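Colleague:
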Amino acid sequence: MARKDALLNLRAILVRRRDALRSALAGDLSLLKELRSESPGDVIDAAYDSAQDEISSQLAEVESRELASIENALERMKGGVYGLCEVCNCKIPMARLNALPYATMCISCQRDLERSGGGSGRPQESEEISGEMEIDIS
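Taken in order, the sequence shown gives residues 24 to 161; the numbers are from our numbering.
1) Starting from Glu137 and walking both ways along the alpha helix (DSSP H), at which residues does that stretch end?
2) Measuring alpha carbon to alpha carbon, tell me which residue in Tyr105, Arg138, Gln133 is nearest Pro124.
3) Let's test the definition: count the other Cβ atoms within 10 Å of the Cβ of Cys111 and tell me whether it reaches 16, buried, or not, exposed.
4) Under the three-state reduction of DSSP, which class applies to Leu30: helix, strand or coil?
5) Looking at C-beta atoms only, is the number of pairs between the segment 28 to 47 and the segment 114 to 128 that lie closer than 8 Å three or more?
6) Three-state secondary structure (DSSP) at Asp42?
7) Helix, strand or coil, according to DSSP, for Leu123 in the structure here?
8) Could you check the C-alpha separation between Cys129 and Glu109 for me, to the nearest Å?
9) Excluding sequence positions up to five away, which residues of its chain have a Cβ less than 6 Å from the Cβ of Leu82?
10) Cβ atoms of Leu90 and Leu44: under 7 Å apart, would you say?
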């Protein structure tokens, strides 16, 4: 029963992070629209604004990929397959799920995928997308 309780706790964490990302992305997008509607003062201001837009856009892209991974994890929970490796169908260890709640593969299958150079379109699970996702398991 401990695994089930831990999975329920991870669900709550994923929902909170999903909601935070949705809010952040909505704010980022509205801010970008506001900035684009303002006319730049001179060439330097335009260059600065362009650089800021690029940084904001890249951050939004990273947050968007993380959000997609979280939503996938929540869908897997609904389907009753959360915590099972998509490749070998074995249970993903709780330590891995605590470290990366939206992991879809066990470490062995993830390593094999990375060695083969394969990708699923989602961010590599071994990449740390956000320090906020780290969970204290003590």
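From the three backbone atoms N, C-alpha and C, an ideal C-beta is built for every residue, glycine too. Just so it is clear, the structure is predicted and the values come from calculations on it, not from any experiment.
Modeller: With the given structure in hand:
1) 130 to 139
2) Tyr105
3) exposed
4) helix
5) yes
6) helix
7) coil
8) 8 Å
9) none
10) yes
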